[in-house]
Amino acid sequence: MLRYALLRIARALVTVSLIVSIAFVILRLSGDPAIIILGPEAPPEAFKAFRHAWGLDQPIWVQYLKYFNAIFHGDLGNSMRDGRSALEVVGERIPLTLAITIPALFLKVLIGLPAGVYAALHRNTAIDRLIMTLSVFGFTVPSFVLGLVLAMIFAVKLGWLPSGGSDTWLHAVLPIFTMGMIGAAVIARFTRSAMLEVLGQPYIRTASAKGLVWRDVVVAHALPNAAIPTLTIVGFMVGSLVAGAVVVESVFSWPGVGRLLVTAVANRDLAVVQVILLFVGFTMVLANLIVDLLYGWVDPRLRTKRLQAGT
Amino acid sequence: MTIDSGNLNPTTQASRPSGGSFFTSKGRYRAFFETWPPIVLIALFFIGLAIFVVATAPLIAPYDFMAMDLRDRLTPPALFGGTWAHPLGTDELGRDLLSRLIISIRVSMMIAFLSTLIAGTLGITLGFLAAYFRGRVEQLIMMLIDAQASMPFMIIALAVLAFLGNSLVLFIVLMGFYGWERIARIARGLAIAATEQGYATSVRDLGASPMRIYGRHILPNIASTLIVSMTLNFPEVILLESGLSFLGLGVQPPMTSLGNMVGYGRDYIQSAPWIMLVPSAAIVLTTLSISIVGDWMRDRFDPTLR
């Protein structure tokens, strides 16, 4: 188990440095920062001074190492819009995003898991078909369409809920509900197919054949095995808690990280975009690492199998 | 608590010829609808309609999609108090919504088609490379696949658009990076399985080059699975594209796409909801139809992908 865990952690570190490297490459590809910041008409001395001040006249690998160094010291530049530290600008939006994504995550799991398990256990019944039809809608209706339709019904027509902003908890209801519905559809579908696959396994037949009550077969044998693929998708959702709300935040004018990202991209506020990109990368890697370690804990087969496969 | 046998082996039901077994002979219509479920037929009809619109867009659009008519602003659709001059109504600048919808469907479908083609080519190439070289190359490709799969693509796309700016070509290429990792994973797995089969070994022993083995022999044999997974990728690209265009960061005006239309329509959600509802319905119908057909193809041709 220790060897498994160490391998996973090493891999997570590799992925993190890969993300940082990609950020560096994209940053350099985006053009000469001196021209972007000073404008093409600035005098040559200003360019020279700027390049020297930011170390842009040094070899690329020195810049690359310096970039790594700066990131691990939390020095990620300033927002071009208000000159504050980009880290600070992003940091103050994170709680607002979490305020809607965490309840939405609970909603997704609380609806999606039971719906998927129920559908699998009652395969090909009317309720299964209903759940699956709803789930296909969840997959194919874009979140902005669902959000706008909900806003039209509950805010414009009925006037029960506000359609945008973040002043009271009522403002959070529609965004949470929009994300929850769509996520629940995804989880329900994953859970259903995972359960169906497990239910077709010989050990389920064996458990039934040895006389276990069906309820015990499901609880003791089917559910734990079906949990593994479901864990992956939930882990992905946990990892995208910070950035999973880009579109929904924009629909409901919720001032979280997602909306900040959209305005930063529109204004090409690169420092802010970079902080969000790195932040999302780190949280995703962390969530994946936790899921991987949980896997090894839940399913001893994976520990040995993955080591043999050398991945 | 019964476990039906179809559960264990889905092929038996899907691959049975229509008409059922000889002792439960069914009516001709029933057999037909079991092979072609009505929902699939409806979905195929909508896909056909969409393809027709894509092919003939400028010809069937009643107006120029950019033509403004300020006297005819915000007219509702014909069935909701408007006139048949503008069957789906007009927007805030008096532009005909039907014409804009037709052009938007064309733009969105073309982007999704080209991007899926790019993703398919990239995925199949990398998957085959991994299957052919194994070892280090395979590990590198698997690492790239994992890295791509572990980031929400929306964030990557937004970051690239922020750093590199936006143009239609860049946007299509960017969308082409969506979903390649799933196709690569499938292509690799199938190619590895195929190389161990008789036919691949035979042509190799006959002295065929790797290009020939993979291109002429393995690819056609695993194509159906790959086409199914590309079909399932297609609606997701439409959703991604329309999401970015909705945010104002995808297709740029004066070009229009479905997401774009929804984005502009949301400002009129109170006074003229049809501006937003018309393209929304088009997105949902298109993605829903393609998903239904994709799922149906998967169940029919390739139960292993389930």
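Top to bottom, those sequences are chains Z and L. In this text, residue positions in the first sequence follow our numbering: the first is -19, and each later residue adds one. In this text, residue positions in the second sequence follow our numbering: the first is 7, and each later residue adds one. For glycine and all other residues, C-beta sits at the position ideal for the given N, C-alpha and C.
Straight-line gap, residue i to residue j (C-alpha atoms, nearest Å)
i, j, result
"Z:Thr(-5)", "L:Arg142", "17 Å"
"L:Arg106", "L:Gly95", "11 Å"
"L:Gly300", "L:Ile233", "9 Å"
"Z:Val38", "Z:Phe86", "According to the sequence as given, residue 38 of chain Z is Gln; it is not Val. For Z:Gln38 and Z:Phe86, the distance between alpha carbons rounds to 50 Å."
"Z:Val278", "Z:Ala26", "60 Å"
"Z:Ile167", "Z:Thr210", "7 Å"
"L:Val290", "Z:Thr120", "6 Å"
"L:Arg306", "L:Ser230", "11 Å"
"L:Thr292", "L:Asp70", "23 Å"
"L:Met267", "L:Met282", "7 Å"
"Z:Val228", "Z:Arg8", "31 Å"
"L:Leu85", "Z:Ile208", "51 Å"
"Z:Tyr47", "Z:Leu250", "15 Å"
"L:Ile161", "Z:Val193", "47 Å"
"L:Gly213", "L:Tyr138", "16 Å"
"L:Tyr274", "Z:Ala95", "36 Å"
"L:Phe39", "L:Ile111", "30 Å"
"Z:Ile162", "Z:Val125", "11 Å"
"L:Leu294", "L:Pro44", "14 Å"
"Z:Gly145", "L:Pro226", "54 Å"
"L:Ser277", "L:Pro83", "13 Å"
"L:Gly204", "Z:Leu45", "51 Å"
"L:Ala168", "L:Tyr35", "55 Å"
"Z:Arg185", "Z:Ala66", "57 Å"
"L:Leu196", "L:Val243", "24 Å"
"L:Val166", "Z:Ile6", "7 Å"
"L:Leu264", "L:Arg77", "25 Å"
"L:Pro64", "Z:Pro83", "46 Å"
"Z:Ala(-15)", "Z:Tyr275", "11 Å"
"Z:Leu(-7)", "Z:Phe262", "10 Å"
"Z:Arg109", "Z:Ser(-3)", "45 Å"
"L:Tyr184", "L:Gln145", "21 Å"
"L:Gly269", "L:Ser251", "7 Å"
Sub-8 Å separation of residue i and residue j beta-carbons
i, j, result
"L:Ala61", "L:Ile109", "no"
"L:Met236", "L:Gly100", "no"
"Z:Pro235", "Z:Arg73", "yes"
"Z:Met112", "Z:Ala99", "yes"
"L:Ala206", "L:Ile228", "no"
"Z:Leu128", "Z:Leu141", "no"
"L:Ile147", "L:Ala136", "yes"
"L:Phe177", "L:Gly256", "yes"
"Z:Arg(-12)", "Z:Leu221", "no"
"Z:Gly191", "Z:Ile270", "no"
"Z:Ile256", "Z:Leu266", "no"
"Z:Ser59", "Z:Val252", "yes"
"Z:Leu179", "Z:Ala3", "no"
"L:Glu98", "L:Leu80", "yes"
"L:Ser114", "L:Ser248", "yes"
"L:Glu202", "L:Ile151", "no"
"Z:Asn268", "L:Ser156", "yes"
"Z:Pro122", "L:Leu245", "yes"
"Z:Val237", "Z:Thr77", "yes"
"L:Ile133", "L:Arg194", "It is worth fixing the name first, because residue 133 of chain L is Gly in this sequence and not Ile. Yes, the Cβ-Cβ distance between L:Gly133 and L:Arg194 is below 8 Å."
Beta-carbon separation (whole angstroms), residue i vs residue j, contact threshold 8 Å
i, j, result
"L:Gly271", "L:Pro285", "7 Å"
"L:Phe328", "L:Thr122", "The displayed coordinates of chain L run from 7 to 312. Any statement about residue 328 of chain L would go beyond what the structure contains."
"Z:Ser143", "Z:Ala135", "4 Å"
"Z:Met175", "Z:Ala202", "6 Å"
"Z:Leu93", "Z:Val198", "Not quite, the Cβ-Cβ distance comes to about 13 Å (not below 8 Å), so this is no contact."
"Z:Gly118", "Z:Ala164", "7 Å"
Contacts that residue i makes with chain Z (C-beta to C-beta distance below 7 Å)
i, result
"L:Gly360", "As shown, chain L starts at 7 and ends at 312. That puts residue 360 of chain L outside it, with no answer to give."
"L:Arg272", "Leu128"
Test: residue i CB closer than 8 Å to a CB of chain B
i, result
"Z:Asn268", "No chain B is present in this structure, whose protein chains are Z and L."
Neighbouring residues, chain Z, relative to residue i (Cβ below 9 Å)
i, result
"L:Leu294", "Val116, Phe117, Phe119, Thr120, Val121"
"L:Val290", "Phe117, Thr120, Val121, Pro122, Val125"
"L:Pro82", "By Cβ distance, chain Z contributes nothing, its closest Cβ being about 15 Å from L:Pro82, past 9 Å."
8 Å Cβ cut-off: residues of chain L touching residue i
i, result
"Z:Val227", "Met160, Gly249, Phe252, Leu253"
"Z:Val265", "Ser156"
Within chain L, partners of residue i - CB distance below 7 Å
i, result
"Z:Leu7", "Phe169"
"Z:Phe124", "Gly249, Phe252, Val268"
"Z:Val63", "Contrary to the premise, residue 63 of chain Z reads as Gly rather than Val in this sequence. In chain order: nothing, as chain L lies at least about 18 Å away."
Interface partners of residue i on chain Z, CB under 8 Å
i, result
"L:Val166", "Ile6"
"L:Ala153", "Thr(-5), Leu(-2), Ile(-1)"
"L:Ile117", "Correct list: empty, because the minimum Cβ distance to chain Z is about 15 Å."
"L:Leu135", "Result: empty, since nearest Cβ-Cβ is about 17 Å, beyond 8 Å."
9 Å Cβ cut-off: residues of chain L touching residue i
i, result
"Z:Gly261", "Ser156, Met157, Ile161"
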